[in-house]
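Heads up: the protein sequence lines correspond to chains E and C, in order. Using numbering that gives the first Met the number 0, the first residue of the first sequence is number 0, and each one after it goes up by one. Using numbering that gives the first Met the number 0, the first residue of the second sequence is number 0, and each one after it goes up by one. Report on one structure; see the data block that follows.
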Amino acid sequence: MLEFLLPELVNALVSTTLGAKLLSERIALGLEPQDTVGSSTDKEGADITQTSTQCSTTSGWIDLPDDKELMEQVYVKLEMVGFRVGRRLAERFAPLNRRLADTLDAVKFVCKDVWMMLFNRQIDNLKTNHRGIYVLQDNKFKWFLRMSGNSGGAAAARRAQPYIWLPCGIIRGILDSFGINTVVIAETLGLPQCTFQIKVVSDN
Amino acid sequence: MSIVLHCLAILNCQGTPVYMRTFDSTDRSAETAAKQQDQCVKYHYLAHTSCDVIEERLLQNKTSSDLYIGLLQTIGDVSVYGYVLNTGNRLILVTSVPAESSAVQTAEIKALFQQIHATYVSLICNPFYDMAADMVDRLGNINSPKFDSIVDELVNAYSS
């Protein structure tokens with residue numbers, strides 16, 4: 000069921016970020032008085048909501064807006080959503096009968112238990128350099144299984160970018176609640192394969 | 000069977016108290032108000048020193064496979080038990096020194112800790128619980144009446 004909710008979540012975030020950005024641009028240009036930031040009841044406001052609803056009325060959008068700044072904002076929002084979800088997941092599903100002694104244990108917990116719970120399967124491949132870098136490889140990432148594009152593999156992989164930011168946030172949230180500060184980057188070389196790279200950031 | 004519980008404290012991984020609850024008799028008379036203040040300070044102090052003991056124990060048994068740490072210290076007429084969650088939070092229980100065998104005591108205290116853990120998890124899972132304050136600077140406090148009432152029930156069940 001998560002697979003059906005996820006496109007809606009990503010869509011909604013993209014369209015609201017786009018709407019907010021357009022609104023702030025219009026305010027900066029002086030086309031709108033400052034106090035309509037919360038409401039959009041007048042005509043110009045209706046234009047903005049129209050553009051943003053165009054993004055969300057179709058079940059998937061036509062193409063990702065090319066705007067880098069916009070996608071950065073969407074990235075930050077999605078990743079924070081994943082982070083908060085990850086923190087709660089870790090509290091709820093941390094093992095009750097054993098202690099996770101070190102970072103490797105925590106990453107193994109992510110690979111086995113969390114992936115099993117979210118996607119009903121485990122990570123296919125875990126590599127580490129034992130110095131704080133872990134690479135998790137999933138060859139049949141569940142959320143990518145049904146994705147395919149008309150214009151070939153590279154374009155489809157680019158369109159799938161936002162969907163991969165959410166699991167990055169989830170992994171970072173889980174590791175953070177075990178006290179491990181990390182940076183998580185994901186890439187996909189071809190749907191449905193997907194690789195997450197975890198870099199442990201030490202506090203010194 | 001009866002354990003006299005004095006205080007339950009929850010501290011986060013940096014040692015900041017997130018929740019502190021005393022179960023002594025609630026006399027509201029004026030003479031005992033100052034005494035209650037003292038008690039409160041005393042339990043804060045106990046919770047902090049227990050933190051140090053927990054750190055020691057954790058360093059010692061790196062291969063321990065249990066969340067329950069056991070009896071941390073016995074000071075005067077109270078004993079302090081600890082339980083550390085995987086996410087770093089520490090649960091600390093202050094009770095009176097038991098009159099009976101410690102094996103029985105251990106099993107009960109462990110069961111009590113597990114139930115408190117479960118209550119804490121269900122508190123976190125509440126979407127209305129403000130974990131944001133906890134996340135920003137890890138100083139969030141647990142202000143949930145429901146959590147309080149469940150803790151009360153558990154304590155009554157174990158003390159009677």
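Glycine is no exception: its CB is placed at the ideal position from the N, C-alpha and C atoms.
Taking C-alpha positions only, residue 187 of chain E is separated from residue 125 of chain C by approximately 34 angstroms. Put simply, the backbone Cα of residue 14 of chain C is about 7 angstroms away from that of residue 47 of chain C.
Under the DSSP definition of a beta bridge, residue 153 of chain C lacks any partner. Buried is the label assigned to residue 8 of chain C, since at least 16 other Cβ atoms lie within 10 Å of its Cβ.
The C-alpha of residue 22 of chain C is placed about 15 angstroms away from the C-alpha of residue 96 of chain C.
The C-alpha of residue 43 of chain C is placed about 11 angstroms away from the C-alpha of residue 17 of chain C. Secondary structure at residue 26 of chain E: helix, using DSSP grouped into helix, strand and coil. Of E:144, E:132, E:190 and E:184, the smallest CA-CA separation from residue 151 of chain E is found for E:190.
Around residue 49 of chain C, no beta-carbon contact reaches into chain E at under 8 angstroms, the shortest distance being about 18 angstroms. It is roughly 60 angstroms from the alpha-carbon of residue 24 of chain E to the alpha-carbon of residue 33 of chain C. For the segment 80-93 of chain C, the beta-carbon criterion of a distance under 8 angstroms to any beta-carbon of chain E is satisfied by 83, 84, 85, 86 and 87. Of all residues in the segment 177-188 of chain E, those with a C-beta nearer than 7 angstroms to a C-beta of chain C are 177 and 178, reading in chain order. A check of alpha carbon separations from residue 73 of chain E across E:154, E:160, E:125 and E:139 identifies E:160 as the nearest.
For residue 170 of chain E, the closest alpha carbon among the candidates E:6, E:86 and E:28 is that of E:86. As the crow flies, the alpha-carbon of residue 79 of chain E is around 14 angstroms from that of residue 180 of chain E.
The Cβ of residue 66 of chain C sits closer than 9 angstroms to at least one Cβ of chain E.
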